[in-house]
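If you read the sequences in order, they're chains A and B.
One point on numbering: in the numbering used here, the residue at position 102 of the first sequence is 102, and numbering is uninterrupted.
One point on numbering: in the numbering used here, the residue at position 137 of the second sequence is 137, and numbering is uninterrupted.
There are 2 protein chains.
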Amino acid sequence: MKKDFLQELEYTGFTARIKRLSDGLLYDAINVYKNMDKEIEPNWHLVFLLLKEKGEMSVTEMAKQLGFSHPALIKIANKMKAKGYLEGFLDPKDSRRTLLRLTKKSIIEIPHLEQNWELIQSVIQEFIDKEFLDKLTEVENRLNEKSLLERINLKLEEK
Amino acid sequence: MKKDFLQELEYTGFTARIKRLSDGLLYDAINVYKNMDKEIEPNWHLVFLLLKEKGEMSVTEMAKQLGFSHPALIKIANKMKAKGYLEGFLDPKDSRRTLLRLTKKSIIEIPHLEQNWELIQSVIQEFIDKEFLDKLTEVENRLNEKSLLERINLKLEEK
DNA sequence: TAATTATATGTAACTGGTTACGCAAAGATA
DNA sequence: TATCTTTGCGTAACCAGTTACATATAATTA
C-alpha cells in the first residue's frame, strides 16, 4: 500500500492527519446535509440528540458535553432558534442560566431526521469498526487525564 | 471507565469526536509553540519537513501533499516568507507556477527546531501507539477509495 | 449584612481554514 | 496559427470555531 507524505511521517504526522480526517468528514457532512435537509446543519445533530435525551440543559452544560466553547454553542443555538428548532428560557432557580429545549417543530421532525442519521451511521460503519472506536476512546481518555500541552510542559520541566 | 456523551453514541459520535480531538490537539499545539518558539507556528512544521525533503515545490503540489486548499497554503507560505523562512520564485519551465524553497535562515534553524519536534513526537507516542496509527491508515485508505459523501450518495441511489 | 469571589451568559475581535472568482500561462485541437 | 480548454496562482468574501472581555446573578466569607 502506497503511503502519502503524512502517513510516512508516523507519529510526527499524527496531528495533521487527524485534522485532515476531521476537515474531510466535516466538508462531506456539509454537502450531505445540503442535499438531504436544506434547513439543517450537520452539527445540530448532536444538539438534537442531547436535548432529546435530557429535555433541557443550560448553555454551559451543553457546551461541555459536546466539547465546544460556550460562545460556539450560543452561535449554534441562535441559528437553531432562528429556524424554530430551539427555544431558550431563564432557569427559574438560577437566573444567570439560560435553559434550552427543543420546540414542537423539532419533536415533529425528529423521526424524519432520524432516518437520515441512521443512513449516515450505517455508512460510517463501512469504514470504521468497533476496534478503531475503542482505540480512539483510549486515546481520548489518555488525553483527558493529561493533555498534550500538560505533557509537553512536564517534559520541558524535566530538562 | 465512564464514557462521555459522544463516546456513548458509538458510530454516531464518531465525526464529532474526531473533530474534538483535532481541535484539542490544534489549540494545544498553538500554545506549545507559543512557549517554545515565539516566531514559529505549528503548521509550519510540515512545510519545513516537506521542503527539506523535496528541495522545492509548487504551491499546488504542496497543498495537495499536506491536505490543504491552495489558498490556505499561500497564506501559510506568506507568513513564513514574511519571517524570512521561505522564498518563492517563478518556475523557469512553466511561468504559471511559483516554486517555494527554504531560505538559509531555515536551514540554519532547522536543527534547533528538530529538537522541539522530537520532544513533541515523544509525547505523542505516550498516548498513541503503532496499532492506532495503523487503524487510522486503514480508515484513511477506505475514505480515499470512496469518500463519506460518495458512500452516502450511493446509498441514496440504492433506495 | 456587606463585600468579595465565582459562575453563566453574551458580545467582540480574531484566526485558520474554506469556496468562489479572475487572470495569465500552457496545452490541446480546429 | 488561432481558438478553446485546462491548470496554477492569488485575492476576496465567508464561516465555524476560538480567546478575551463585560455584565449580571449566585455563593461564600468577613
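C-beta: ideal position from N, C-alpha, C; glycine also.
Suppose you measure from the CA of N153/A to the CA of L25/B; what does that come to, to the nearest Å? By 1-based counting over the first sequence, the position of residue 153/A is 153. By 1-based counting over the second sequence, the position of residue 25/B is 25. Cα-Cα distance, rounded: 14 Å.
For A16/A, which residues of its own chain have a beta-carbon under 6 Å away from its beta-carbon, when the five flanking residues on both sides are left out? Taking the first residue of the first sequence as 1, we reach residue 16/A at position 16. If we look at A16/A and ignore the five residues flanking it on each side, its Cβ neighbours are L6.
Are the beta-carbon atoms of T98/B and L90/B separated by less than 8 Å? Working through the second sequence from its first residue, we reach residue 98/B at position 98. Working through the second sequence from its first residue, we reach residue 90/B at position 90. Closer than 8 Å, so yes.
By the three-class DSSP mapping on this structure, what secondary structure does S22/B have? Along the second sequence, read from residue 1 onward, the residue named residue 22/B stands at position 22. It is helical.
Quick one: what does DSSP say F89/B is sitting in, helix, strand or coil? Taking the second sequence and counting its residues from 1, the one referred to as residue 89/B is at position 89. It is a strand residue.
With respect to the beta strand (DSSP E) encompassing E56/A, which residues constitute its N-terminal and C-terminal limits? One-based indexing of the first sequence puts residue 56/A at position 56. Residues 56 to 58.
Determine whether the beta carbon atoms of L100/A and E140/B lie at a separation below 8 Å. Mapped onto the first sequence, residue 100/A falls at position 100. Mapped onto the second sequence, residue 140/B falls at position 140. Their beta carbons are not under 8 Å apart, which means L100/A does not touch E140/B by this criterion.
Would you please state the rounded distance, in angstroms, between the beta carbons of K19/B and K135/A? I believe it to be under 8 Å. Looking up residue 19/B in the second sequence gives position 19. Looking up residue 135/A in the first sequence gives position 135. That pair is no contact at about 17 Å.
Could you pull out every unbroken beta strand (DSSP E) segment of at least 3 residues lying fully inside the stretch 60 to 133 of chain B, listed in chain order? 86 to 90, 98 to 102
Could you check which residue in S147/B, L51/B, L46/B, D23/B has the C-alpha nearest to that of Y163/A? What is shown of chain A runs 1 to 159, which leaves residue 163/A out entirely.
Which value, in whole angstroms, describes the spacing of the CA atoms of N116/A and D129/A? Your numbering for residue 116/A matches position 116 in the first sequence. Your numbering for residue 129/A matches position 129 in the first sequence. Rounded to whole angstroms, N116/A to D129/A spans 20 Å at the Cα level.
Taking only beta-carbon positions, decide if D37/A is within less than 8 Å of chain B. What you label residue 37/A is simply residue 37 of the first sequence in a count that begins at 1. No - not a single Cβ of chain B is within 8 Å of the one on D37/A.
Please confirm if R151/B has its CB atom under 8 Å from at least one CB of chain A. Within the second sequence, residue 151/B is the residue found at index 151, counting from 1. Yes - at least one Cβ of chain A is within 8 Å of the one on R151/B.
Nearest candidate by alpha-carbon position, reference R151/B, set E145/A, V123/A, L143/A: The residue given as residue 151/B occupies position 151 in the second sequence. The residue with the shortest Cα to Cα distance from R151/B is V123/A.
In angstroms with no decimal places, state the Cα-to-Cα distance between I107/A and E114/A. If you number the first sequence from 1, residue 107/A lands on position 107. If you number the first sequence from 1, residue 114/A lands on position 114. C-alpha separation (whole angstroms): 11 Å.
Assigned exposure category for N164/B - 16 Cβ within 10 Å defines buried: Only positions 1 to 159 of chain B appear in this structure, which leaves residue 164/B out of reach.
Where the alpha helix (DSSP H) containing L154/B begins and where it ends: Counting from 1 along the second sequence, the entry for residue 154/B is found at position 154. L154/B -> alpha helix (DSSP H) spans 148 to 158.
So, does the CB of N31/B fall closer than 8 Å to a CB anywhere in chain A? As a position in the second sequence, residue 31/B is number 31, starting the count at 1. Taking Cβ atoms only, chain A reaches closer than 8 Å to N31/B, which makes this a yes.
Through-space distance from R142/B to K105/A, alpha-carbon basis: Against the first sequence, residue 105/A aligns to sequence position 105. Against the second sequence, residue 142/B aligns to sequence position 142. Roughly 38 Å between the two C-alpha positions.
Between the CA atoms of Q121/B and E158/A - distance to the nearest angstrom: Start at 1 with the first residue of the first sequence, and residue 158/A comes out as number 158. Start at 1 with the first residue of the second sequence, and residue 121/B comes out as number 121. If you take the alpha carbons of E158/A and Q121/B, they lie about 16 Å apart.
Starting from T137/A, find everything on chain B with Cβ-Cβ shorter than 9 Å and list it in chain order. Residue mapping note: residue 137/A aligns to position 137 of the first sequence, counting from 1. Within chain B, the residues near T137/A are M1, K3, Q7, R17.
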